[in-house]
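Enquirer: For what it's worth, our numbering labels the leading residue of the sequence shown as 3, then goes sequentially. All residues carry an ideal CB built from backbone N, CA and C; glycine is no exception.
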Amino acid sequence: VWWALGVHGPSDTAMRWTDTMPQFDPDMHTYNYATALHWAVSQMTLGSSDITASNTAERICCVVCLMLALIACSALTSIMSASIVQIAITMNSRTAHLLEL
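Here's what the structure looks like:
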């Protein structure tokens, strides 16, 4: 998606992120894919990247990706917390049962 926005996406500023990358070459598919993958991973993990949005469509894509990352991290944290609490409840129940014996 990010690569497609940079190459074919609409631009209200007459710029795309691929225009700001001096080493971008449409024929270097592996490098272009790795660059887009680097951007995606840095967006999802809040890491740093030298690739920035250059128009409204790219900026909206960045915001949507960050929101999805926030939701995914929150859900993962919630699921892990609930699992740990469930394990603790089960262990306490077993301990109480053994103490009754």
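Are the CB atoms of serine 56 and tryptophan 19 within a distance shorter than 8 Å?
Expert: yes
Enquirer: Please tell me whether cysteine 75 and glutamine 45 are closer than 8 Å, where the distance is taken between their beta carbons.
Expert: no
Enquirer: Excluding five sequence neighbours on each side, which residues of the same chain lie with their C-beta closer than 8 Å to the C-beta of cysteine 64?
Expert: Gln45, Ala55
Enquirer: Under a Cβ-count criterion, where at least 16 other Cβ atoms within 10 Å of its own Cβ denotes burial, should alanine 6 be classed as buried or exposed?
Expert: The residue in question, alanine 6, is exposed, as its Cβ has fewer than 16 Cβ neighbours within 10 Å.
Enquirer: According to DSSP, is aspartate 21 helix, strand or coil?
Expert: helix
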